[in-house]
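Working notes, structure below.
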Amino acid sequence: MSAEFVRIRLEPLSVEVDVPSGALLVSSLADHGIEFPCGGTGLCGGCGVRVLAGSLPITEADRAAFPAKELAAGWRLACQARTHTPLVLECGQWHMDVLTDNAGLTGSGKRGLGIAIDLGTTTIAAQIVDMASGSVLGVETELNPQAHFGSDVMNRVRAALHGDDLTTIVRAALGQTVARLARGREAEIVEVILVGNTVMHHLFSGRSVAPLAAAPFESPYLGTQDFRPEDLGWSLPASCTVRFAHCLGGFVGSDILAGIVATGMVHSDALIALIDLGTNGEIAIGNRHGVVCASTAAGPAFEAGSIRMGMRAATGAISSVSLLAGQLHATVIGDAEPRGLCGSGLVDAVACGLATGAILPSGRVADGSKQFPVAGSVVLYQSDIRELQLAKGAIASGFKLLLKHLGAESPDLQAIHLAGAFGNYVQIESAIRIGLIDAPRSLVHAAGNTALRGAKMLLLAATEPTLPPIEHISLAADPAFQDEFANCMTFPTELNP
Ligand code: FES
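For the sequence shown, the numbering used here assigns the number 1635 to the last residue and increments by one with no breaks.
So, in structure tokens, the structure goes:
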């Protein structure tokens, strides 16, 4: 290596980066998946890294961002750091709770053990199951090691088209996950099933993602993909089948198929809805006679990705905001000084602003200051509120158009299940208050990891389940979409009962 560069290893993803000696780390690390929510000004505290090997001097911005205990433990702001010597850094942003599933399931007539895997863009959750009893015997969670190619699916598509081998990376990581789950009982594993979005499905399967890179985003490779363990380099019996369940459309993957199964939609006479709130919002509505589904580009606002003081749900993030005697009251993760807002805190903050009149239904900050103070130094900017309006407008309009397609309205639904991590943590009252969901409160439930639960149900099914017709609707092709989207951008003035 040239003398002007030093090597930095980023954990937990084991990424190695050569950075110019003495230069600010911000430009080098931004290319490797570390987010700098305030653009590297040192104000938001969202780019914390912990020095595991080597040393970084403490800057003034570090002193403002971290309490003494965290400074002593090695926490620094990556955007303010420079180094002349090699380092190993733990990235605070890459630590997150991964949602698994504890729902009790009925066993099948099958013998042996099975493994269900929810391969998410950000996280991986896997469980080993006794096929006869349905009992979960072990669980593994981790971050998707592809994350250093970018946090959303389009970054992964671009990396794969650029020639990066994202297939080998994810197969190797999942091979280790499977090995940990199976340790000491490898011979008993008879089946592995994976579910995930369309890009994860294609990348795991070694299929070209080129059809997913441009409109109309239709791919000829949406079907179930079967593998032998040796094809993947996994240490499992040769007789074990490994199956990636089929996708439903261009951007509606088998994670939603699994969610449809998990919510009981396929056996219900009444209409049931599933909404998975992420960068790509996916929506499915239906019953045993038929299901319609769609994806809608919500952008990163629900993960606070496009918010100036947005951050992941880590120490210092405002995770919820409520009104106490007309004043905002923020709950901060880790009982720390507030450093930013995660997705659930963002939705709460706007809901509170609407309730007090500080934010108008148009989204404008009422006093014209273009800033809405939340707690401590954490502020919501006018542009942040706009980002949330775009995200919630995309989901709400998609939901309305699917209902219209079915000739139904939200009170006709028996239940609306919110899936995924954000769906699990967002306050449902706040989601309704901002118009993300236009439905009576009694219908809406946090459903947890429906993808993993549905994957286990597919694994345990004695026979291939008979599914109703599932129709993928392209919202962008619907002439009513733009008008509906524009309507749904504003915040409601009245609440559902
Ligand atoms: S990006 Fe480093 S403090 Fe905001």
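Think of the CB as a built atom: it goes at the ideal place given N, C-alpha and C, for glycine as much as any other residue.
(message) Give me the DSSP bridge partner(s) of Phe1629.
(response) For Phe1629, which the question treats as bridged, DSSP gives no partner whatsoever.
(request) Would you kindly report the start and end of the unbroken alpha helix (DSSP H) that includes Pro1314? (result) In the sequence as displayed, the identity of residue 1314 is Gln instead of Pro. 1304-1320 is the extent of the alpha helix (DSSP H) around Gln1314.
(message) As an exercise, report each continuous beta strand (DSSP E) stretch of at least 3 residues that is fully enclosed by the segment 1533-1570, in chain order.
(response) 1551-1557
(request) Can you give me the start and stop residues for the alpha helix (DSSP H) that Pro1367 sits inside? (result) 1367-1370
(message) Is any non-hydrogen atom of the ligand FES found closer than 7 Å to the C-beta of Thr1604, if you look at the structure I gave you?
(response) Every heavy atom of the ligand FES is 7 Å or more from the Cβ of Thr1604, so no.
(request) Quick one: using the 10 Å Cβ neighbour count with 16 as the cut-off for buried, is Ser1140 buried or exposed? (result) Reliability of the predicted coordinates at Ser1140 is poor, the pLDDT of 47 falling under 50, and no value is obtained from them.
(request) Could you name each continuous beta strand (DSSP E) segment of 3 residues or more that falls completely within the segment 1344-1422, going from the start of the chain to the end? (result) The qualifying runs are 1363-1365, 1379-1382, 1409-1414.
(message) Can you tell me whether Phe1174 sits near the ligand FES, meaning its C-beta is under 7 Å from at least one heavy atom of the ligand?
(response) The beta carbon of Phe1174 sits closer than 7 Å to at least one heavy atom of the ligand FES.
(request) Examine chain C for any beta-carbon lying closer than 8 Å to the beta-carbon of Leu1574, and answer yes or no. (result) Structure shown: chain C not included; a single protein chain is present.
(message) Measuring straight from C-alpha to C-alpha, what distance separates Cys1480 and Val1516?
(response) 11 Å
(message) Using C-beta distances below 7 Å, list every residue in its chain close to Ala1352, excluding the 5 sequence neighbours before and after it, in chain order.
(response) none
(message) According to DSSP, Gln1113 sits in a beta bridge with which residue or residues?
(response) Since the first and last residues shown for the chain are 1139 and 1635, residue 1113 lies out of range.
(message) If distances are taken between C-alpha atoms only, which option among Thr1417, Asp1407, Ile1413, Glu1324 comes closest to Ser1373?
(response) Glu1324
(message) Under DSSP, the beta strand (DSSP E) around Cys1080 begins and ends at which residues?
(response) Any answer about residue 1080 is impossible in this case: the structure gives the chain only from 1139 up to 1635.
(message) With H, G and I counted as helix, E and B as strand and the rest as coil, what does DSSP make of Ala1168?
(response) helix
(message) Tell me the DSSP secondary structure of Pro1499 in three-state form.
(response) coil
(message) Checking 8 Å against the spacing of the C-beta atoms, do Ala1263 and Val1236 come in under that value?
(response) Their beta carbons are under 8 Å apart, which means Ala1263 touches Val1236 by this criterion.
(message) Quick check on the burial criterion: 16 or more other C-beta atoms within 10 angstroms. Buried or exposed for Pro1549?
(response) exposed
(request) Examine the ligand FES and report whether any of its heavy atoms sits within less than 7 Å of the Cβ of Gly1230. (result) no
(message) Would the segment 1272-1280 count as touching the segment 1296-1306 if we require 3 or more Cβ pairs under 8 Å?
(response) These segments do not touch.
(message) Here's the rule I'm using: 16 or more other beta-carbon atoms within 10 Å means buried, otherwise exposed. How should Arg1214 be labelled?
(response) buried
(request) Report yes if the C-beta of Leu1395 is less than 7 Å from at least one heavy atom of the ligand FES; otherwise report no. (result) For the ligand FES, not one heavy atom lies less than 7 Å from the Cβ of Leu1395.
(message) Just to confirm the assignment, what range does the alpha helix (DSSP H) spanning Ala1210 have?
(response) Per DSSP, Ala1210 belongs to the alpha helix (DSSP H) from 1206-1210.
(message) Residues in the same chain with beta-carbon distance under 8 Å from Glu1475, minus the five sequence neighbours each way, listed in chain order, please.
(response) Pro1205, Gly1454, Gly1514
(request) Measuring alpha carbon to alpha carbon, tell me which of Leu1163, Thr1259, Lys1508, Leu1574 ends up nearest Ser1392. (result) Thr1259
(message) Since Gly1573 and Phe1629 should fall inside the 8 Å C-beta cutoff, what is the C-beta to C-beta distance between them, to a whole number of angstroms?
(response) 6 Å
(message) On the criterion of 16 or more Cβ atoms from any shown chain inside 10 Å, does Glu1631 qualify as buried, or is it exposed?
(response) As written in the sequence, residue 1631 is Thr, which differs from the Glu given in the question. Thr1631 comes out exposed.
(request) Tell me whether Ala1126 is buried or exposed, calling it buried when 16 or more other Cβ atoms sit within 10 Å of its Cβ. (result) No information on residue 1126 is available, as it lies outside the stretch 1139 to 1635 that the chain covers here.
(message) Do Gly1478 and Cys1217 have their beta-carbon atoms positioned less than 8 Å apart in this structure?
(response) no
(message) Which same chain residues end up closer than 6 Å to Asp1473 when comparing Cβ atoms and leaving out the 5 residues on each side of it in sequence?
(response) none
(request) Say whether the segment 1423-1431 touches the segment 1403-1414, bearing in mind that this needs 3 or more beta-carbon pairs closer than 8 Å, one atom from each stretch. (result) yes
(message) Please classify Gly1536 as buried or exposed, where buried requires at least 16 other C-beta atoms within 10 Å of its C-beta.
(response) buried
(message) Taking a contact to mean a Cβ-Cβ separation below 8 Å, would you say Ala1487 touches Leu1462 in this structure?
(response) no
(message) For Val1157, tell me which candidate among Leu1225, Pro1175, Ala1203 has the shortest Cα-Cα distance.
(response) Leu1225
(request) Compare the Cα-Cα distances from Leu1350 to each of Gly1531, Arg1296, Ala1376, Asn1625 and report the closest residue. (result) Arg1296
(message) Taking 7 Å as the cut-off, is the C-beta of Gly1454 nearer than that to any heavy atom in the ligand FES?
(response) no
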